Structure formats: C-alpha cells, structure tokens
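Take a look at the structure below.
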Amino acid sequence: MHESERIWQGGAPFSVRRDLVSAPARPEESFGRLVLEHPGAVVILAVDERERALVLHQYRHPAGIRFVELPAGLLDVEGEDPLVAAKRELREEALLLADHWTHLFTTYSSPGLSSERIGYYVARDLHPAPDRGDFEPQHEEADMTTAWVPVDDLLAGVREGRITDGPTAQAVLGYRLFGPGSAAG
C-alpha cells in the first residue's frame, strides 16, 4: 500500500478509507481501492436437543425486507475474543445461554470491499438467560421476533432460496458439513 486516507468515520464502528495500492505482480502500477473497515462479527447457530435452531425475524433497511437470521453481532470492543462476543450476542438477542460451544469456521464476508471477518459458532445445551444484560433492543431490533425451526427446514430454505441471509446460509451449510452426524463431525 502506497498511501491511505480515511474518507468517512461515523458513530457506528465502521469507517471507510481510500487506499492507493499496487498489485503484487505489478508494483509499478498503482490504483485506488475503497475499503470498509469493519470490527468483525459472529454468527451463532443455537441448536436444541430436537435439532431445531433459534432464528430471528428482523427487518433490514438496505435490502428492504424482513430476513430469517441467526443471532449475530459485532465484535464491539477492539481485540474482543469472538467466542466472548458470541456468548454475549446469544444472551442479548435470544435470551439464551449455552453450556457447549463449537467454532465452525471463520470467513471474510466480502473481501473485495470490506475487512469484515465473521466467526461462526454452534451453541448447544441451551437454557434461558435471566436477562439481556445491559442490552436494550432499539430500532429494527426492537421489532425482532424469534422462532424455533428444524435445522433440516433451514437447509431446505437455503436450497429453495427462501433463506437469503448469507451468514445464516453459511452457518446452516457449515453445520451440515462439519456438525454432528456429518462425515467431518
């Protein structure tokens, strides 16, 4: 990278910068790239003893629709351990605690534009949380609803195009590939 300039910083934990870079194979040629700086996120597939997953129904303004999603959230504190964030998000959004956690994988969501890395976790041995901690749902989150859906129904929803939230699809597919009962699990 030759130079970098922050072109937007708002109240959210995101910022946008413009970098002047060169391709590794052509260092003499420089070009500009915009980068959405993102603190990272976690997604939690909370699965009960009946192989049902806790899902959220939440409106997302940029897409203009209500999605079927999994509990998820940002790494709110710089350097925050993703598992700590996953436990917090499950409590805040689903009012659940889990005794057993498995890391499925971590991916970049859109590496051509953003630095966002998402850690995917499976939570099992679930039980109710006494409260949401200091989390108070606001805006779209205040209208969030929850439901229990068989994991097989979520998988069918991905296959049929009814589940269109990317992180939810990745978590369900990863669980089927790497989770209990899979060739890898």
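Residue numbers (our numbering): 1470 to 1654. Beta carbons: idealized from backbone N, C-alpha and C, even for Gly. Please read all numbers here as calculations on a predicted model, not as lab measurements.
Range covered by the alpha helix (DSSP H) that runs through residue i
i     : result
F1647 : G1635 to F1647
G1677 : Only positions 1470 to 1654 of the chain appear in the structure, and residue 1677 is not among them; the question remains open.
Own chain, CB closer than 8 Å to residue i, minus 5 neighbours either side, in chain order
i     : result
L1573 : L1514, Y1589, Y1590, V1591, A1640, G1643, Y1644, F1647 and G1648
G1635 : S1578
One or two residues paired with residue i in a DSSP bridge
i     : result
V1512 : A1541 and Y1589
P1597 : L1565
G1501 : L1489
H1572 : Y1590
E1506 : S1484
I1632 : I1632 pairs with nothing; no bridge assigned.
H1526 : V1537 and T1614
R1495 : A1492
Own chain residues within Cβ distance below 6 Å of residue i, not counting five before or after
i     : result
S1583 : L1505 and H1507
V1627 : A1638 and V1641
H1596 : L1566
Start-to-end residues for the beta strand (DSSP E) that takes in residue i
i     : result
L1552 : Taken as a continuous stretch (DSSP letters only), L1552 belongs to no beta strand (DSSP E), being part of the alpha helix (DSSP H) at P1551 to A1563.
L1582 : Unbroken run through L1582: none, as it is neither H nor E.
S1473 : E1472 to Q1478
Supposed contact pair residue j and residue i - C-beta distance, whole angstroms, cut 8 Å
i     : j     : result
R1519 : L1564 : Contact flag wrong, Cβ pair sits at about 18 Å.
R1560 : T1575 : That pair is no contact at about 21 Å.
V1512 : R1593 : Wrong, their Cβ atoms sit about 15 Å apart, outside the cutoff.
7 Å Cβ shell around residue i - same chain, five flanking residues per side excluded
i     : result
A1510 : A1541, G1542, L1543, L1544, E1585 and I1587
R1475 : S1484 and R1486
Per the contact definition of three or more C-beta pairs closer than 8 Å, is the segment 1617 to 1633 in contact with the segment 1517 to 1525? yes
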